[in-house]
Structures are given as structure tokens and as C-alpha cells.
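A short write-up of the structure that comes next.
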Amino acid sequence: MPAHAVLGLLALLLSVLAALTALVYVGVPRTRRALRWPVVVLGVLAMTTIVFAGEAGKTLLTAVESLGSSEEVLAAQAHGHGSDAVTTSVFFLLASTLATVWGPLRPTRPAGGTAARWWAAVVGVLAVTTLVSAVVVLGHALEAVTAGNPAWQVG
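Using my numbering, you'd call the opening residue of the sequence shown number 2 and step up by one each time.
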């Protein structure tokens, strides 16, 4: 099994966990004290794992481009573009989370206020974007895996 398959799955899992934790952090103010560090750690782990999965993916893409059929190459390239979307959304989710957990949405700050609501909306939108892009890239990954294997294709 290619390293990219394991690292990619781990990256998606951590990305989804980071996004869900961020949604709870911004949506349920009473959880902020307990989730402050987990939301940061999950974001950092997700971003780090994405970098390693991306590097392994480049190696795998090179192999597919030289050895695979045109269908496999197209599916792998589509997966690569989707992976870029996950990387971007997780990066911005992590950046906005870091800006908020010690800023407008820190646990010791009173709830409410324009800045807090604005940042909660930003983090929430980025978390949902991360979830959607994770689902899309997982679909592309499954298509890339099954592209060269007619027995695995449904229908």
C-alpha cells in the first residue's frame, strides 16, 4: 500500500476532526476553555499530516503519470486538485483558529461583541469548507483508486 494512502486517510481524518472541533469551539462558548488546546493541536496535526501526504502524493502521481492509463492519470490529477482545496481550507482554518483562540474568542473574554461574532462566522465558514473539501477529495481518491481496476467499478 502506498504511503500516500495511509497519510492521506490520516490527513482527512485529522482535518475533519479539526473542523468539527472548531465548529463546536465557535458555536458553543462554554466549551472554549476545554477545547482551546485540542482545536489548536488538531489543526496543527492536520496541516502537518497534509504536508507529508502531499509529498507522498506527488511521488505517487509521478508514478501514475508514467505507468498508468489516461483514465488513471486524469483521476489522479483530479484528486490532486481536490487535495489542494483541502490544504488551502485547513491552512486558513488553522490560521483563523490561532487568531481567535487567543483573541476575540478566548475563553476568558466575555461572549458577544462584533469581533467575536465576525470571527466565529469566519471560523465556522472555514470549518464547513474544510468538511466539504474533505468529502470531495475522498470521492476523488476513491475514483483514482478504482480508475484502473474494472472489477472495482460499480455499475
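Backbone N, C-alpha and C define an ideal beta-carbon position, used for all residues, glycine too. Predicted, not measured: the structure shown is a model, and the values here were computed from it.
- Per the coordinates, the alpha-carbon of Trp-38 lies some 43 angstroms from the alpha-carbon of Glu-72.
- Straight across, the Cα-Cα distance linking Val-126 with Val-137 is about 16 angstroms.
- Residues Val-27, Ser-97, Ala-100, Thr-101, Gly-104, Pro-105 and Leu-106 of the same chain have their beta carbon placed closer than 8 angstroms to that of Trp-120, with the five preceding and five following residues left out of the count.
- Between the C-alpha atoms of Phe-53 and Arg-33 there is a straight-line separation of about 30 angstroms.
- Under the three-state reduction of DSSP, Leu-106 is assigned to coil, being neither helix nor strand.
- Around the beta carbon of Gly-44, 16 or more other beta carbons lie within 10 angstroms, which makes this residue buried.
- If the five residues before and after Leu-36 are omitted, its C-beta is found closer than 7 angstroms to the C-beta atoms of Thr-22, Val-25 and Tyr-26, all from its own chain and listed in chain order.
- Taking Phe-92 as reference, the option from Gly-140, Val-7, Ala-19 and Ala-6 with the minimal CA-CA separation is Ala-19.
- Ala-57 places its beta carbon less than 7 angstroms from that of His-5.
- The C-beta of Thr-88 has 16 or more other C-beta atoms within 10 Å across all chains shown, which makes the residue buried.
- For Gly-113, no alpha helix (DSSP H) encloses it, and the DSSP letter there is neither H nor E.
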